[in-house]
Amino acid sequence: MTTAPERFAASYAVLTAAHEVGDYWAQQDRDAVAKGRPGREGRLACARHVASYTAVQALALVAANRGLGLRLDWRRAAAGLAVSAVTHYLADRSAGHWQETEPSTRLVRLAHRKGSAGWLQRDPGAGPLLDQAWHKGWIAVAAAVAASGK
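Residues 72 to 221 in the numbering used here are what the sequence shown lists, from first letter to last.
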């Protein structure tokens, strides 16, 4: 029998590794280009990306659950994957908007409110770093949800 801390550690490691594959290898170029665009085109592109991303995470979590005998509850694992998917979508709608002086997306507005506007303006790498930090933080929450219970 695995403990909740063991399930959390394994889930976090697996979801983080799958994040890298899903966010970079599985993402189609057309979706990467369009996911931050306004309107239906951007929403659909982001949804396609998040669907493939979540599929990669789900496959990895199922494989780890079976291979490592984690004994994850499937409902909690699904809830954890939902946390990862929803927060990933929210972040990725900001693609291409990080250097805006008048932020048009929720996450960029949040970054400005917390005092990162200057950094975002000066450093073209700041947006992607904030994006990845957001993802990794929420992956920890997703792993905690997936590992909870029993």
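Where a beta carbon is used, it is the ideal one built from N, C-alpha and C, also for glycine.
Secondary structure note for Ala84: its alpha helix (DSSP H) is the uninterrupted segment 75 to 91. Counting only unbroken stretches of 4 or more residues, the alpha helix (DSSP H) elements lying wholly within the region 127 to 164 are 145 to 163, in sequence order. Contiguous alpha helix (DSSP H) elements confined to the region 89 to 123 occur at 100 to 105, taking only those with 4 or more residues. Secondary structure of Gln192 (DSSP, three-state): helix. Rounded to whole angstroms, the gap between the alpha carbons of Ala126 and His183 is 32 Å. In the displayed model, Lys185 falls within coil according to three-state DSSP, outside both helix and strand. His120 places its beta carbon 9 Å or farther from that of Ile210. The C-beta separation of Leu152 from Ala213 comes to about 7 Å, placing the pair in contact by the 8 Å criterion. For Ala217, the uninterrupted alpha helix (DSSP H) segment begins and ends at 197 to 218. The alpha-carbon of Leu143 is positioned some 25 Å away from that of Tyr160. If you draw a 10 Å sphere on the C-beta of Pro174, you find 16 or more other C-beta atoms in it, and that means buried. The alpha carbon of Ala135 has as its nearest neighbour, out of Ser123, Ala148, Arg164, the alpha carbon of Ala148.
The beta carbon of Leu191 lies closer than 7 Å to those of Trp169, Gln170, Ala182, Ala197, Gly198 in the same chain, with the five residues before and after it left out.
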